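Here is the structure we will look at, set down as structure tokens.
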Amino acid sequence: MSSIQINEYQEIEDFVLKAKEYAGELTIEVRADSIVEVSRTLRDKFGFDYLADITAVDYYTDELRFGVAYNLCNLTDRKRLRISVRVEEDDPVVDSVIDVWQAANWFERECWDMMGIHFAGHPDLRRIYMPEDFEYFPLRKEFPLIGIPGSIQTPEPAPPKEYK
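If you read the sequence shown in this note's numbering, its first letter stands for residue 7, the second for the next number, and so on.
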């Protein structure tokens, strides 16, 4: 994949908070309230027609605790780009980009299920891995590594098998 520079994307410069390049890949941090507009511009004007992944990060900081990263590809020009937004712990809400890329559906649901990031406008934001009534978000840093005893019903372990 070819290297890209931030100056190629002047149409979105009003939304960019910072940009950095590492290992030949560009990451652009934008305002959370502009994610749909930036995504649509990157798709329509710059050919980033493939959403490879959406993931969330718990920075465990006092301000802007959570980050949401969108990994994009322009398959025609063989370019990769990562855009990211940061949200507060008290109100971790980002607008859904399903209208831009349909692939965002399951990625956003996974971020909701594991990190508690709410995607406003998502048509079916429900849990994937955890039970719907589960109160916690397992990938947040304060979640205990051994889980919370009694928070979820688990099956009894099967007895060990005999080996011949």
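We put the beta carbon where it would ideally sit given N, CA and C, even for glycine. All of these numbers come straight from a predicted model, not from anything done at the bench.
In its own chain, which residues sit with a C-beta less than 6 angstroms from the C-beta of residue i, not counting the 5 before and 5 after it?
i, result
"Arg88", "Thr33, Ala75 and Asn77"
"Asp119", "Arg133, Ile134, Tyr135 and Met136"
"Ala38", "Val91, Val93 and Val100"
"His128", "Ser102 and Glu114"
"Ser157", "none"
Could you pull the start and end residues of the beta strand (DSSP E) that residue i belongs to?
i, result
"Ser45", "No beta strand (DSSP E) holds Ser45; the alpha helix (DSSP H) holding it covers Ile41 to Phe52."
"Leu23", "Val22 to Tyr28"
"Glu17", "Here Glu17 belongs to no beta strand (DSSP E), and DSSP marks it neither H nor E."
"Lys170", "It is not in any beta strand (DSSP E) - Lys170 carries neither H nor E in the DSSP assignment."
"Arg92", "Lys85 to Val93"
"Glu31", "Glu31 to Val36"
Exposed or buried, what is residue i when buried is set at 16 or more other beta-carbons lying within 10 Å of its beta-carbon?
i, result
"Leu57", "buried"
"Arg115", "buried"
"Pro98", "buried"
"Ile152", "exposed"
"Lys51", "exposed"
"Trp107", "buried"
"Asn80", "buried"
"Lys1", "Any answer about residue 1 is impossible in this case: the structure gives the chain only from 7 up to 170."
"Ala164", "exposed"
"Met7", "With a pLDDT of only 42 at Met7, under the threshold of 50, the placement of this residue in the model should not be trusted; the figure read from the coordinates follows. By the neighbour-count rule (16 or more Cβ atoms within 10 Å), Met7 is not buried but exposed."
"Ile104", "buried"
"Ile154", "exposed"
Could you spell out the range, first to last residue, of the alpha helix (DSSP H) harbouring residue i?
i, result
"Asp59", "It is not in any alpha helix (DSSP H) - Asp59 instead sits in the beta strand (DSSP E) that spans Tyr56 to Asp64."
"Asp119", "Ala110 to Met121"
Grab me the residues of residue i's own chain with a C-beta within less than 8 angstroms of its C-beta, minus the 5 sequence neighbours each way, in chain order.
i, result
"Phe143", "Asp119, Met120, Met121, Gly122 and Phe149"
"Pro161", "none"
"Cys117", "Ile60, Thr61, Ala62, Val74, Ile123 and Phe125"
Using a Cβ-Cβ cutoff of less than 7 angstroms, which residues in the same chain neighbour residue i once the five nearest sequence positions on both sides are dropped?
i, result
"Thr47", "Glu17 and Ile18"
Exercise. Given 8 angstroms as the limit, is there contact between the region 61 to 73 and the region 15 to 28, that is, 3 or more CB pairs closer than that?
Worked result: The region 61 to 73 vs the region 15 to 28: no contact.
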